[in-house]
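Under our numbering, residues 235 to 889 are what the sequence shown spells out, in order. Quick reminder that beta carbons are idealized off the backbone N, C-alpha and C, glycines included. From a predicted model like this one, the values you see are computed outputs, not experimental measurements.
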Amino acid sequence: MSGRIPVVGVSPVVDNASRPVKSVPAEDFDVTATVFREGHDAVNATLVVTDPTGRAHHQPMTRISAGLDLWSATIGADRTGRWSYRVEGWSDPYGTWNHDAVIKVGAGVDVELMLEEGARVLERAAAEVKRTPEQAEVLATAIDGLRDPKLPAEVRLGAGLTADVRRELTERPLRDFVSASADHPWLVERERALHGAWYEMFPRSEGATFDETTGRWTSGTFATAAERLPAIAAMGFDVVYLTPIHPIGRVNRKGRNNTLTAEEHDPGSPYGIGADEGGHDAVHPDLGTFDDFDAFVARAGELGLEVALDLALNCAPDHPWVAAHPEWFTTRADGSIAYSENPPKKYQDIYPLNFDNDPEGLYAELRRIVQVWIDHGVGIFRVDNPHTKPLEFWERLIADVATDHPEIIWLAEAFTRPPMMHNLAKAGFQQSYTYYAWRHTRAEIQEYCAELAGPAAAYMRPNFWPTTHDILTPFMQQGNESTWKMRAALAATLSPSYGIYAGYELMENVARPGAEEQIDNEKYEYKNRRWAEQEGRSLAPYLTKVNEIRRAHPALRRLRNLRFHHADDENVLVFSKARRLYDRDDVIIVVANLDPRHSRDTWIHLTMPELGLEWHDGFVAHDLITGAHWNWGQHNFVRVGPDTEPVHIVHVQRS
235 MSGRIPVVGV
245 SPVVDNASRP
255 VKSVPAEDFD
265 VTATVFREGH
275 DAVNATLVVT
285 DPTGRAHHQP
295 MTRISAGLDL
305 WSATIGADRT
315 GRWSYRVEGW
325 SDPYGTWNHD
335 AVIKVGAGVD
345 VELMLEEGAR
355 VLERAAAEVK
365 RTPEQAEVLA
375 TAIDGLRDPK
385 LPAEVRLGAG
395 LTADVRRELT
405 ERPLRDFVSA
415 SADHPWLVER
425 ERALHGAWYE
435 MFPRSEGATF
445 DETTGRWTSG
455 TFATAAERLP
465 AIAAMGFDVV
475 YLTPIHPIGR
485 VNRKGRNNTL
495 TAEEHDPGSP
505 YGIGADEGGH
515 DAVHPDLGTF
525 DDFDAFVARA
535 GELGLEVALD
545 LALNCAPDHP
555 WVAAHPEWFT
565 TRADGSIAYS
575 ENPPKKYQDI
585 YPLNFDNDPE
595 GLYAELRRIV
605 QVWIDHGVGI
615 FRVDNPHTKP
625 LEFWERLIAD
635 VATDHPEIIW
645 LAEAFTRPPM
655 MHNLAKAGFQ
665 QSYTYYAWRH
675 TRAEIQEYCA
685 ELAGPAAAYM
695 RPNFWPTTHD
705 ILTPFMQQGN
715 ESTWKMRAAL
725 AATLSPSYGI
735 YAGYELMENV
745 ARPGAEEQID
755 NEKYEYKNRR
765 WAEQEGRSLA
775 PYLTKVNEIR
785 RAHPALRRLR
795 NLRFHHADDE
805 NVLVFSKARR
815 LYDRDDVIIV
825 VANLDPRHSR
835 DTWIHLTMPE
845 LGLEWHDGFV
855 AHDLITGAHW
865 NWGQHNFVRV
875 GPDTEPVHIV
885 HVQRS
């Protein structure tokens, strides 16, 4: 049943309210609904929010389209937890009287009757809705005025229509025929679920050394990797993400550049997990011990960094599970175990898990593995290829972990079809890798980001990466310094979460022939980048500046506030983000040249109301990258490109 006052089309809602809408504290979003009724009596709507303690909070809604009966309210939570919201439609006796009385008293029709009916509506409001003595006095004064025969009719009517009366009946209305929508679940997670700057490293490379005499490498350790942490923190990153740190299989081990035959001392891919030394619950002995890992995590914490660990549910052929639990794998007709394939890619060093033969036994073991790393200080899991495992497994695991550890964050590395990416988010993943690396034109970026910041933002949060250890697009291979600056700055400002892979600072752009990934790839060998020798050719100062801007400006920590503007040149992208915080507006405009080889002169045209300004207003545009100041308005001439900077990140300073 729809109720006496129908409420339909509540939004946002995820899968018919079977899954929660997501946000973080102080992340505002709009709730809308269609609320209507028969006839001409006034209708109104209230948004009812229930907090994690079960307390209900009532918030007036505003009709934003009279013709469509569309109502809206903006909400945000003040703390994490499981919330819910519903929309209540109701008949508005005061609104009905207000509308009729103004018309009739103004026309001299039924004057005394309309004034008396107004007094009776206010008497009902005073008697039926709980109020303080001061609040009740506002209505009592209005009732006296409506019934005062010594006053002119217009004055008596005015007594029932004062701003104080309207405010009182907006905040504590008299409601008839209240009809409620269903309760919609709302999950509020910690800030890092939405916002953060990530830095990826291979721990074995940090501090790795090469002996020219023997031609052999010595692996880096957790201790030498920890020496890199101060530089990562100094650049303003929030999360240090470690690729797998477990023992690496020797059977079918991959050699350098993904060759099928490894040489004696090749370290192999860290994604080929498991050997005699242990599996997913062990650390590679070359890296150190669990005590060494704990020391790494502690040092990261001292520097304000969270540690994210790669959860790669891959097994080398010599993983302990293969012998102990062959039922956890897929056996082919010839009795052999199938290795992983993603044609044309083949992973001969990896056996994929089979989730169907012994689902309960496998689940129990994987849940134990996750707990091992939580107990050692890991608060974030970057999950490798989650789309190759059942959705129901992830939904169960993430919910199970959240029961005792709601602070844990899961990032899905799922470069796959959109339905799977979206449903991984609905299943519980807080963040997702995206197609950002392959979106380069203005039309591509605007269309894709409008999707991410639109309805999908209710449940799916993007994490933008210009490159990864698996991805080096032709655009980046052929790029110059402006390319690498522009793609990092766009990732950092379009999305509240973004990341770079170690070596981005050095613009490592040489690809393995025939592949969209780096040559001499760190997945298959050590790489000593000799950080101390890179001063003067590193983008570290630029990344530091971008991260400083992100930290200083709350508008860049949100996704739903993304708005695009127009530039005459199709190679120039313009967008803004605005956020109100503590009674002040933070407004950022980004102007980016998507053609990194040529500077562009063009006019940009700003939709001023999106900036919280009137169409005719002017403001001071402070470029946070260069420090320059310009006087801007709706239409502005700009120059962006290699001879200036490829991206302007502008703070709006009101004149």
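A residue is called buried when at least 16 other Cβ atoms come within 10 angstroms of its Cβ; Leu347 does not meet this threshold and is exposed. Linking Asn865 to Met435 through their CA atoms gives a straight-line distance of about 42 Å.
Around the CB of Asn250, fewer than 16 other CB atoms lie within 10 Å, so the residue is classed as exposed. In this structure Val242 is exposed. Its beta-carbon is surrounded by fewer than 16 other beta-carbon atoms within 10 angstroms. In this chain, the beta strand (DSSP E) harbouring Asn697 covers 696 to 698. Here His291 is exposed: its Cβ has fewer than 16 other Cβ atoms, across all protein chains shown, within 10 Å. Between Arg409 and Pro327, the alpha-carbon positions lie close to 7 Å from each other. The C-beta separation of Phe530 from Ala465 comes to about 15 Å, leaving the pair out of contact by the 8 Å criterion.
Taking C-alpha positions only, Ser245 is separated from Glu405 by approximately 23 Å. Taking a contact as a CB-CB distance under 8 Å, the pair Glu756 and Ser439 counts as one, their CB atoms being some 6 Å apart. Under DSSP, His856 shares a beta bridge with His863, His885. Within a 10 Å sphere around the beta-carbon of Arg533 sit 16 or more other beta-carbons, which makes this residue buried. Counting other Cβ atoms within 10 Å of its Cβ, Ala801 reaches 16 or more and is therefore classed as buried. Cβ-Cβ distances below 6 Å link Asn591 to Glu561 in the same chain, with the five nearest sequence neighbours on each side left out; the list follows chain order. Under the three-pair Cβ rule at 8 Å, the region 654 to 670 does not count as touching the region 783 to 803. Counting only runs of 4+ residues, the alpha helix (DSSP H) found wholly inside the region 737 to 825 occupies 774 to 786, in chain order. When the beta-carbon positions are compared, His869 and His850 stay at least 7 Å from each other. Ile584: not part of any alpha helix (DSSP H); DSSP gives it neither H nor E. DSSP, reduced to helix, strand and coil, places Asp544 within a strand of the structure shown.
Counting only runs of 4 or more residues that sit fully inside the region 285 to 363, the alpha helix (DSSP H) segments are 327 to 341, 345 to 362, in chain order.
Asn588: not part of any beta strand (DSSP E); DSSP gives it neither H nor E. Between Leu380 and Ala353 the beta-carbon gap is near 4 Å, inside 8 Å, which marks them as a contact. Inter-residue distance for Trp644 and Phe615 is about 5 Å (C-alpha atoms, whole angstroms). Considering only Ala397, Arg490, His480, the residue with the shortest C-alpha distance to His553 is His480.
The beta carbon of Ala725 lies closer than 6 Å to those of Phe698, Pro700, Tyr732 in the same chain, with the five residues before and after it left out.
Judged by pairs of C-beta atoms under 8 Å, the region 271 to 290 touches the region 317 to 337, as three or more such pairs exist. Distances from the alpha-carbon of Pro259 to those of Glu423, Glu629, Ile608 put Glu423 closest. Taking the Cα of Gln680 as reference, the smallest distance to any Cα among Gly329, Ala335, Glu804 is reached at Glu804. The continuous stretches of beta strand (DSSP E) do not include Thr404, which lies in the alpha helix (DSSP H) extending over residues 397 to 405. Distance from the Cα of Pro478 is smallest, within the candidate group Thr447, Arg695, Phe527, for Phe527. Under DSSP, Met435 forms a beta bridge with Leu476. Shown here for Glu425: same chain residues with a beta carbon closer than 6 Å to its own, the five before and five after excluded, namely Val258 in chain order. The beta carbon of Tyr776 lies closer than 7 Å to those of Lys719 in the same chain, with the five residues before and after it left out. Contact between the region 745 to 753 and the region 437 to 451 is absent: fewer than 3 CB-CB pairs across the two stretches fall below 8 Å. About 5 Å separates the beta carbons of Arg271 and Ile239, which is inside the 8 Å limit, making them a contact pair. Secondary structure of Gln369 (DSSP, three-state): helix.
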